[in-house]
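*Asks:* Questions regarding the structure given below will be posed in turn.
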Amino acid sequence: MKKLLFLFLLLVTISFVYSDEQSAASGSNKETYNKFQDSVVYIEIDVFIESTDISNPALFSKIENLTGKKILDSYVSLGRSGSGFFITDDGYIVTNHHVIDIPNEKQMKENVVYDLQDILFDLNPNQFSYREFDSALDILKASLDRIDLVYRVTVKNKDVYTARLLFSDKTLDLALLKINSTNFSPIKLNKNVDINVGDEVMAIGYPLPTKLAEVVSQVKSTFTTGVISAIRNETWGIQHTSAINPGNSGGPLLNTDGVLMGINVGYNPGESIYFSIPVPKLMKWLKDNNKEECLTKNKEYFAKFKDEDDNEFAKEINTGSNILIDIADKSTIFVDDKEYGVTPIILKLQEGKHTITVENDKGYDVKMFNIDPKITDLYNYKPKLKKYKGNLSIKTTPNKAKVFIDDNEYGETPLNLPINTGDHNIAIKYDGYALLTEEIKLVKHSNIQKEYSLEKGYMVSFDKTLPIYSTITVENDKIKGKYRYDEKIYLNTGKYKIYVKDKILEDNNVFDIEVIDKDIVIYDNLNYIGAVVKLYKIDDKTRVFLDGDEITGNIKNNSFKAPLGFHTLLVKNKYTQYIYELNVEKNKEINIHYFFTDNLK
């Protein structure tokens with residue numbers, strides 16, 4: 012009962028905290044959705060049945076009159092749909108290849124005949140004879156070769172357009188469509204956008220199952236948020252937690268500034284893992300297919316709004332001629348690409364637009380200023396430095412080893428990564444092979460290439476289940492690597508220190524091991540944060556169990572240490588047994604003088 016009450020209070024507390032966080036974040040999320048929902052489109056594959064392609068249109072007119080359903084000179088859905096988004100304001104749309112692909116066009120068209128058959132089954136034979144039934148199906152089958160597939164796109168949940176498929180790529184799972192109209196709202200492309208583990212992302216798309224008519228009348232696009240959890244080398248390069256479902260395929264994955272991070276492509280339903288194609292792959296694909304005009308139009312569109320261009324310029328700042336720049340670290344100042352001086356400094360600039368760049372060893376900042384001499388106040392410009400990027404290339408033998416940089420997973424080898432300058436720890440893991448780590452330093456514009464040959468290793472494991480979410484750090488004078496509680500650990504021969512950490516564990520869970528020529532199992536008990544439990548009226552024939560595990564051997568002076576949280580204590584002897592519910596709090600001693608008889612079993 013105590014446990015249930017605690018859990019109820021805990022859930023209530025969490026719900027209030029979650030509610031406060033949601034209300035704080037919902038405003039910005041709502042703004043983001045409202046700003047970009049019109050950039051995302053619903054795509055459906057239909058067939059158009061023209062009356063001129065039908066040998067007996069009068070027969071089909073009779074069907075329409077009896078059923079109230081339009082068949083001739085109308086669109087019929089093939090049940091295939093997905094999402095897409097504008098990359099230009101004149102109608103270029105990006106989506107996935109699998110959204111627009113028809114693996115078996117003949118079979119899909121024949122499904123239209125089956126749909127008609129279902130409609131005809133509901134008609135009264137006195138109104139529509141069996142001969143007419145067979146004739147209608149035969150006529151429709153005979154016309155299938157003359158019926159074309161049509162891609163239809165719904166914009167803003169109201170405007171429906173017919174789109175042309177320009178080209179698609181099954182391997183990359185990308186496709187480009189075009190509709191003949193203008194004044195659309197594209198999503199910004201930027202090949203240099205930062206894509207890092209931990210970045211917040213947002214996905215927009217249309218759910219399945221649905222139909223175009225439902226989209227126009229009632230269904231709206233969905234909006235989900237999450238974070239990037241891993242960066243991989245394969246086509247589905249971005250792994251994240253922003254939920255996407257069937258129908259969301261082809262929709263955009265955005266960062267908090269509304270810049271495209273990737274194209275949503277798939278998910279693992281069993282593990283709630285979602286994937287997107289990184290935007291650099293899309294931009295390269297467009298160039299390779301002679302559609303660089305799309306990139307140019309996209310850039311020109313956002314330049315009209317003085318939006319941030321390639322992460323180098325923030326929104327234009329209107330100020331007077333005098334600008335103070337002061338920063339803790341001595342920095343070089345450039346005005347319109349010409350060196351002006353070092354900080355601290357007061358700039359005196361002429362009327363017009365100027366680009367100011369601040370650089371030092373730690374990073375840089377770039378801002379666009381519009382100088383108005385009528386403004387006489389001194390402007391205090393406080394740069395927010397961005398880190399420089401270096402390039403890191405990693406190859407391994409064997410291939411497909413997992414790469415961790417500063418404990419964040421970046422994918423499988425081979426990898427080519429833009430990484431912030433500074434000191435970094437590389438860890439290479441591959442089941443059956445020994446952990447390999449290296450410290451590296453990336454400087455501005457550096458290009459480091461690493462090739463590692465992995466050696467077979469010995470497994471290190473624990474005989475007891477580790478706490479969920481605990482971490483294991485392995486280190487000696489040559490390597491240092493971190494593991495999750497459920498990861499397999501393989502090490503080379505040598506001496507190591509193993510640290511196990513978790514919020515419910517003491518800080519002294521350190522194990523010294525030596526790997527010689529076989530796998531190792533660590534049998535030592537973990538030290539949990541908890542409290543002392545003192546038992547009274549027990550003797551040497553008493554046995555004690557905590558959560559089902561016997562702890563009689565751990566009891567000294569009628570006392571033992573129990574971990575934090577709720578536990579069931581069982582004390583029994585030859586004649587009877589008693590059960591007691593414990594709520595263990597940090598450093599709060601529990602004294603059990605007797606056991607309640609109503610717990611007697």
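Residue numbering for the sequence shown is 12 to 612, as defined by our numbering.
Idealized CB from N, CA, C, for every residue including glycine.
If you're wondering where the values come from, they're calculated on a predicted model, not measured in any experiment.
I'd like to confirm the pairing. Which residues does DSSP put opposite Met-294 in its beta bridges?
*Replies:* DSSP, once it has assigned bridges, lists no residue as partnering Met-294.
*Asks:* I'd like the span of the beta strand (DSSP E) that includes His-109, first residue to last.
*Replies:* Looking at the DSSP string, His-109 is not in any beta strand (DSSP E); the run it does join, the alpha helix (DSSP H), is 108–111.
*Asks:* In three-state terms, what does DSSP make of Arg-142?
*Replies:* Residue state, collapsed to three classes: helix.
*Asks:* For Asn-266, count neighbouring C-beta atoms within 10 Å of its own C-beta (all shown protein chains included) and say buried if the count is 16 or more, exposed if not.
*Replies:* Buried is the call here.
*Asks:* What are the partner residues of Phe-286, as DSSP defines its beta bridges?
*Replies:* DSSP lists Gln-250, Gly-277 as partners of Phe-286.
*Asks:* Assuming Gly-433 and Gly-261 make a contact with CB atoms under 8 angstroms, what is their CB distance in whole Å?
*Replies:* With 8 angstroms as the limit, Gly-433 and Gly-261 do not qualify as a contact, their Cβ atoms being about 37 angstroms apart.
*Asks:* Does the beta-carbon of Phe-19 have 16 or more other beta-carbons within 10 angstroms, so that it is buried, or is it exposed?
*Replies:* Because Phe-19 sits at a pLDDT of 36, beneath the cut-off of 50, its placement in the model cannot be relied upon, and the following sentence gives the value as read from the coordinates. Exposed, by the Cβ-count rule.
*Asks:* On a Cα-Cα basis, can you pick out the residue from Ile-255, Ser-472, Tyr-351 that is closest to Val-369?
*Replies:* Comparing Cα positions, the closest option is Tyr-351.
*Asks:* For His-251, is the classification buried or exposed, using 16 other Cβ atoms within 10 angstroms of its Cβ as the cut-off for buried?
*Replies:* With 16 or more Cβ atoms within 10 Å of its Cβ, His-251 is classed as buried.
*Asks:* In the DSSP assignment, what are the bridge partners of Pro-409?
*Replies:* In the DSSP output, where bridge partners are listed per residue, Pro-409 has none listed.
*Asks:* If we count the other Cβ atoms within 10 Å of its Cβ and call it buried at 16 or more, is Asn-329 buried or exposed?
*Replies:* Exposed, since its Cβ has fewer than 16 Cβ neighbours within 10 Å.
*Asks:* Just the Cα atoms here: how many angstroms apart are Thr-407 and Tyr-399?
*Replies:* Computed Cα separation, rounded: 26 angstroms.
*Asks:* Only counting the same chain, and skipping five residues up and downstream in sequence, which positions put a Cβ closer than 6 angstroms to that of Asp-49?
*Replies:* So the list reads Lys-167, Ser-196, once near-sequence residues are dropped.
*Asks:* Whose C-alpha, out of Arg-495, Ile-215, Asn-191, Lys-597, is nearest the C-alpha of Thr-106?
*Replies:* Comparing Cα-Cα distances from Thr-106 to each of Arg-495, Ile-215, Asn-191, Lys-597, the minimum goes to Ile-215.
*Asks:* Is the separation between the beta-carbon of Glu-466 and that of Ala-542 shorter than 8 angstroms?
*Replies:* No, the Cβ-Cβ distance between Glu-466 and Ala-542 is not below 8 angstroms.
*Asks:* For Phe-47, which of helix, strand or coil comes out of DSSP?
*Replies:* Here Phe-47 sits in helix by DSSP.
*Asks:* So what's Ala-573 in DSSP terms, helix, strand or just coil?
*Replies:* The answer is strand: DSSP assigns Ala-573 an E or B state.
*Asks:* Considering just the uninterrupted stretch of the beta strand (DSSP E) at Lys-506, what are its terminal residues?
*Replies:* First-last of the beta strand (DSSP E) with Lys-506: 505–512.
*Asks:* Can you find at least 3 beta carbon pairs, one from the region 117–134 and one from the region 152–170, that sit closer than 8 angstroms?
*Replies:* Yes, since at least three Cβ pairs between the region 117–134 and the region 152–170 fall closer than 8 angstroms, the two stretches touch.
*Asks:* By DSSP, does Arg-629 sit in helix, in strand, or in coil?
*Replies:* An answer regarding residue 629 cannot be provided, because it is not within the stretch 12 to 612 covered by the chain.
*Asks:* What's the C-alpha gap between Asn-538 and Lys-475?
*Replies:* Approximately 12 angstroms between the Cα atoms of the pair.
*Asks:* Assign Asn-544 to one of two classes, buried (16 or more other C-beta atoms within 10 Å of its C-beta) or exposed (fewer than that).
*Replies:* Reading off the sequence shown, one finds Val at residue 544, where the question assumed Asn. With 16 or more Cβ atoms within 10 Å of its Cβ, Val-544 is classed as buried.
*Asks:* Measure the C-alpha to C-alpha separation of Ile-25 and Asp-376 and round it to an integer number of angstroms.
*Replies:* Residue confidence is low: Ile-25 scores 30 on pLDDT, short of 50, so the model does not pin down where it sits. Its coordinate-derived value is still stated next. Roughly 40 angstroms between the two C-alpha positions.
*Asks:* From the DSSP output, read off the bridge partner residues of Ser-464.
*Replies:* For Ser-464, which the question treats as bridged, DSSP gives the partners Thr-408.
*Asks:* Could you have a look at Phe-195 and say whether DSSP puts it in helix, strand or coil?
*Replies:* Correct three-state label for Phe-195: coil.
*Asks:* In chain order, which continuous runs of the alpha helix (DSSP H) of length 4 or greater are located wholly inside the region 67–99?
*Replies:* Qualifying alpha helix (DSSP H) stretches, in chain order: 68–78.
*Asks:* Under three-state DSSP, which class holds Ile-451?
*Replies:* Three-state DSSP puts Ile-451 in a strand.
*Asks:* Looking only at its chain, what residues have a beta carbon closer than 8 angstroms to the beta carbon of Asp-551, apart from the 5 residues adjacent to it on each side?
*Replies:* Counting only Cβ-Cβ distances below 8 angstroms, and skipping sequence neighbours, we find nothing.
*Asks:* For Tyr-125, does the count of other Cβ atoms within 10 angstroms reach 16, so buried, or fall short, so exposed?
*Replies:* Exposed is the call here.
*Asks:* Are the beta-carbon atoms of His-108 and Leu-185 separated by less than 8 angstroms?
*Replies:* A contact, by the Cβ cut-off of 8 angstroms.
*Asks:* Check whether the region 579–594 and the region 555–564 are in contact - that is, three or more C-beta pairs closer than 8 angstroms.
*Replies:* As far as the Cβ criterion goes, the region 579–594 touches the region 555–564, which means the pair count is three or higher.
*Asks:* Would you check if the region 201–212 and the region 282–295 touch, i.e. whether three or more CB-CB distances between them fall below 8 angstroms?
*Replies:* Yes, the region 282–295 is in contact with the region 201–212.
*Asks:* Would you call Asn-275 buried or exposed, if buried means 16 or more other Cβ atoms sit within 10 Å of its Cβ?
*Replies:* Its Cβ being crowded by 16 or more others within 10 Å, Asn-275 is buried.
*Asks:* With DSSP collapsed to three states, give me the class of Lys-310.
*Replies:* Note: Lys-310 maps to helix in three-state DSSP.
*Asks:* Flag this pair as touching only if the region 453–467 and the region 424–444 have three or more C-beta atom pairs under 8 angstroms; answer yes or no.
*Replies:* The region 453–467 is in contact with the region 424–444.
*Asks:* Among Asn-503, Thr-99, Lys-80, which one has its Cα closest to the Cα of Leu-127?
*Replies:* Comparing Cα-Cα distances from Leu-127 to each of Asn-503, Thr-99, Lys-80, the minimum goes to Lys-80.
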